[in-house]
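A.B. asks: Residue numbers (our numbering): 13 to 312.
Where a beta carbon is used, it is the ideal one built from N, C-alpha and C, also for glycine.
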């Protein structure tokens, strides 16, 4: 069993875009980007006994992600998401149900992997089914550092589960729209999408959750980071957007890599914003991005 890996949990799937089909799923995207940044990464998921599943496993291996914990399902097909893009390149999603990743099982192997990991990354979408939700909660008990990527995808929003995951996570990442939607559900007052309101809500969420790190992405307006009770702000980078699919996932991977490598928080935030912006200049979730690309956009 590898030690000191990052373990990601959740959906692996195909994004069906107008005219093309691209591999995706937030945990898979995070895993691929973390591997690109040199981290040992294991992915816990489930695919169907089908060509789509075989192609996903092949792609992950090519991207140096450990697939030994990915299960195969004989009843459900590999996941698919029907993606539509608006004129700004922002995506909306129709997530096909049921899919193989709705039936991820808890096993001794994946429990041991999570217990040995330096971070366990998960989102709320993968817990839309009872089976995968139960597995996620078991794995969270085994983890020492829990990283919660809040992904509110209606109608798959279970506020009771989301609240419980928030309260056991050390690192929480979400976007501004998700924070605005989430806060009243947690008992906080309604907030506006302003830097001041968002930061005030983040500080309340820190007290509510006990999390050490909370990060809110703001699309073209950059991101806000609350880390060890200190606030950091980055205005983002101006780019020509092709689509935003996977931008938040690569942002999270870069944020987590920086935290694990003990990089200064302001530099972490700048790097994460740079990578998120660079992903948006390509089609699909997992374009190749180099250190030179990051340096160039930060200097521009």
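(1) Using only the alpha-carbon positions, how far apart do residue 80 and residue 47 sit?
(2) Would you give the residue range spanned by the beta strand (DSSP E) that residue 26 belongs to?
(3) Near residue 88, what residues of its chain come up, given a Cβ to Cβ distance below 7 Å and the 5 sequence neighbours on each side ignored?
(4) Can you tell me which of the three DSSP states residue 283 falls into?
(5) Can you tell me the Cα-Cα spacing of residue 205 and residue 62, whole angstroms?
(6) Which of helix, strand or coil does DSSP assign to residue 243?
(7) Given a cut-off of 8 Å on the beta-carbon distance, is the pair residue 35 and residue 94 in contact?
(8) Can you give the Cα-Cα distance for residue 162 and residue 98, rounded to whole angstroms?
(9) Report the partner residues of residue 35 according to the DSSP bridge assignment.
(10) I need the DSSP call for residue 108, collapsed to helix, strand or coil.
(11) If we count the other Cβ atoms within 10 Å of its Cβ and call it buried at 16 or more, is residue 172 buried or exposed?
(12) Is it buried or exposed, residue 270, if we count other Cβ atoms within 10 angstroms and call 16 or more buried?
(13) What separation, rounded to the nearest whole angstrom, lies between the Cα atoms of residue 120 and residue 239?
(14) What is the DSSP secondary structure of residue 128, counted as helix, strand or coil?
(15) With H, G and I counted as helix, E and B as strand and the rest as coil, what does DSSP make of residue 225?
(16) Classify residue 256: buried if its beta carbon has 16 or more other beta carbons within 10 angstroms, exposed otherwise.
C.D. replies: Looking at the coordinates:
(1) 15 Å
(2) 25-29
(3) 60, 110, 111, 112, 114, 115
(4) helix
(5) 43 Å
(6) strand
(7) no
(8) 23 Å
(9) 26
(10) coil
(11) exposed
(12) buried
(13) 33 Å
(14) coil
(15) strand
(16) buried
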